[in-house]
Amino acid sequence: MNSERKELHILSMEQFAEFATTLSSHTNMDNARFTAGIASQLSDVRLASQIIDELGLTGKAVIKEVNNQSYVVLKGYPGLREKLTGTRYLTSNPKVVDLAIGHKRVGNAMAKGARLSIFIAVPMTVLQFLITEQSTLMRLVGTIATDLVKIGLSTLIASGAAMVAGTITTIAAGPIIAAVGFGIATAVTLEYLDRTFGVTDALVNAMEKAKQRTIGELARQIVTFERNFINDAVRRMQFR
Numbered sequence: 008m009n010s011e012r013k014e015l016h017i018l019s020m021e022q023f024a025e026f027a028t029t030l031s032s033h034t035n036m037d038n039a040r041f042t043a044g045i046a047s048q049l050s051d052v053r054l055a056s057q058i059i060d061e062l063g064l065t066g067k068a069v070i071k072e073v074n075n076q077s078y079v080v081l082k083g084y085p086g087l088r089e090k091l092t093g094t095r096y097l098t099s100n101p102k103v104v105d106l107a108i109g110h111k112r113v114g115n116a117m118a119k120g121a122r123l124s125i126f127i128a129v130p131m132t133v134l135q136f137l138i139t140e141q142s143t144l145m146r147l148v149g150t151i152a153t154d155l156v157k158i159g160l161s162t163l164i165a166s167g168a169a170m171v172a173g174t175i176t177t178i179a180a181g182p183i184i185a186a187v188g189f190g191i192a193t194a195v196t197l198e199y200l201d202r203t204f205g206v207t208d209a210l211v212n213a214m215e216k217a218k219q220r221t222i223g224e225l226a227r228q229i230v231t232f233e234r235n236f237i238n239d240a241v242r243r244m245q246f247r
């Protein structure tokens, strides 16, 4: 029952307006959205800290195949560790999985982190849409689209960096540190390019123009047809 428990808060329009005013005056929503977008990398900082605490900054881990099974062979002093007290573990061992040792495990952790970023960033974008008076539906869709692209690219590059680090070094924390560094650097670069060159604005404008050429034109044709139909009906009534 506790796992399925949900809470619903209902605000009146006056309460929401007060909340929106307070939030807008104390929070830069663009920066908040950016922070939400790098939630994956921020969570990986904690993971890197755990690996370093367990194995040390130079602690080594080597992946070996034995009888068609993958093992993590740990180098160092087992007596100094709290969780990984042995020298060899299956890569599927819960302790190894929890610490994301090896570039494959780092990749899985990055995928979970990307989902976390999406689950935080999208609601933040919707909230910004709700409290911004001049925002449009197209801006909401365009902003979410660019946010997802930025999260996807930073996660992809971070995963690639972890894979490269895992092939060129045996330091256990190497892949996750590389993933965090390249992931944050990519996210910051993409955010800078977006704000400097107006990528989101360009996408929103393109969507607005496309809507005008398609749905907007169809709506105008329908309105014109209805107006002509009504005018014809009125003229026929007058002649009678």
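Numbering-wise, the working numbering comes out as the position in the sequence shown, counting from 1, plus 7. Backbone N, C-alpha and C fix where the C-beta goes; we use that ideal spot for every residue, glycine too. Note that the coordinates shown come from a computational prediction; the quantities given were computed from them, not determined experimentally.
For the pair lysine 82 and leucine 64, the Cα-to-Cα distance works out to about 12 Å. When the alpha-carbon of alanine 217 is set against those of Gly149, Arg95, Thr176, the nearest one is in Gly149.
Pairing methionine 214 with methionine 145 gives a Cβ-Cβ distance under 8 Å. Looking only at Ile125, Ser166, Phe189, the smallest Cα-Cα distance to alanine 152 is reached by Ile125.
Tyrosine 199 and glycine 173 have their C-alpha atoms some 29 Å from each other.
Within the same chain, no Cβ atom closer than 6 Å to the Cβ of valine 195 is found once the five residues on either side in sequence are excluded.
Taken in chain order, the complete beta strand (DSSP E) segments of 3 residues or longer contained in the stretch 81-169 are 95-97. Selection Met131, Ala116, Thr92, Ser142 evaluated against alanine 165 yields Ala116 as nearest (Cα-Cα). Contiguous beta strand (DSSP E) elements confined to the stretch 53-80 occur at 67-73, taking only those with 3 or more residues. Secondary structure note for isoleucine 183: its alpha helix (DSSP H) is the uninterrupted segment 181-204. When secondary structure is reduced to three states using DSSP, isoleucine 178 falls in the strand class. Leucine 15 sits in coil when the DSSP states are folded into three classes, being neither helix nor strand. Contact between alanine 39 and isoleucine 183 is ruled out by a C-beta separation of about 25 Å, above the 8 Å threshold. Here DSSP, grouped into helix, strand and coil, assigns asparagine 212 to helix.
Spatial neighbours of valine 103 in its own chain (CB-CB distance under 6 Å, excluding positions within 5 residues in sequence) are listed in chain order as Val79, Tyr96. Taking 8 Å as the cut-off, the Cβ atoms of valine 113 and alanine 186 count as close. When rounded, the separation of the alpha-carbon atoms in isoleucine 158 and glycine 44 is 6 Å.
By the neighbour-count definition (other C-beta atoms within 10 Å, threshold 16), leucine 106 is a buried residue. Rounded to whole angstroms, the gap between the alpha carbons of leucine 91 and threonine 98 is 12 Å. The alpha-carbon separation between leucine 134 and glutamine 57 amounts to approximately 34 Å. Straight through space, the alpha carbons of alanine 46 and leucine 62 are spaced by roughly 25 Å. In this structure, the CA atom of isoleucine 127 is about 38 Å from the CA atom of glycine 93.
Phenylalanine 26 has its alpha-carbon roughly 28 Å from the corresponding atom of leucine 49. Here the C-alpha atom of methionine 170 lies approximately 28 Å from the C-alpha atom of valine 129. DSSP places threonine 42 in the uninterrupted alpha helix (DSSP H) bounded by 36-44.
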